[in-house]
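For the sequence shown, the numbering used here assigns the number 1 to the initial residue and increments by one for each residue that follows.
We put the beta carbon where it would ideally sit given N, CA and C, even for glycine.
Following: one structure in structure tokens, then a few remarks.
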Amino acid sequence: HGSLLLCGQLLLCVGLHVSGRAALLADPLAAELVGLVPALEKARLYRGRGGEQIRRAGCLLLAAVSRTRLPAGRKTLFGLIDSLNENLRQPHESVQKAAASALR
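This is the structure in structure tokens:
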């Protein structure tokens with residue numbers, strides 16, 4: 001989860017210094033950052049020990065992706081919103097707060 005948190009914080013640092021948009025990032029890197037959360041879900045890393053922290057870190061990464069306005073396709077965006085909605089239903093308050101923050 002530490003790597004996800006770092007990616008989100010770096011994205012915010014880079015993106016917000018360029019008038020709110022992460023224009024300095026190359027398209028492949030931006031696509032990889034947007035695709036991290038779906039990759040986590042596909043690998044089922046939300047399950048088991050540490051799943052709560054991974055969910056929370058994924059939500060914080062999605063908040064950074066949103067705030068920096070990284071480009072993503074419509075299908076990808078709907079998938080990310082579904083992921084956040086699923087995290088809102090989790091019993092852990094920290095995950096719920098992170099998901100709510102990302103949806104703003």
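| Query | Result |
| --- | --- |
| Residue of S101, L25, L61, D27 minimising C-alpha distance to A39 | L61 |
| L84 vs A99 beta-carbon contact at 7 Å | yes |
| Start-to-end residues for the alpha helix (DSSP H) that takes in A72 | Premise fails: A72 is in no alpha helix (DSSP H) and is neither H nor E. |
| Spatial distance of L5 from L33 (CA atoms) | 12 Å |
| Reduced DSSP secondary structure (H/G/I, E/B, other) of Q9 | helix |
| Three-state secondary structure (DSSP) of G51 | helix |
| Exposed unless 16 or more other CB atoms sit within 10 angstroms - verdict on G20 | Since pLDDT at G20 reaches only 48, below the 50 mark, its modelled position is unreliable, and no value is offered. |
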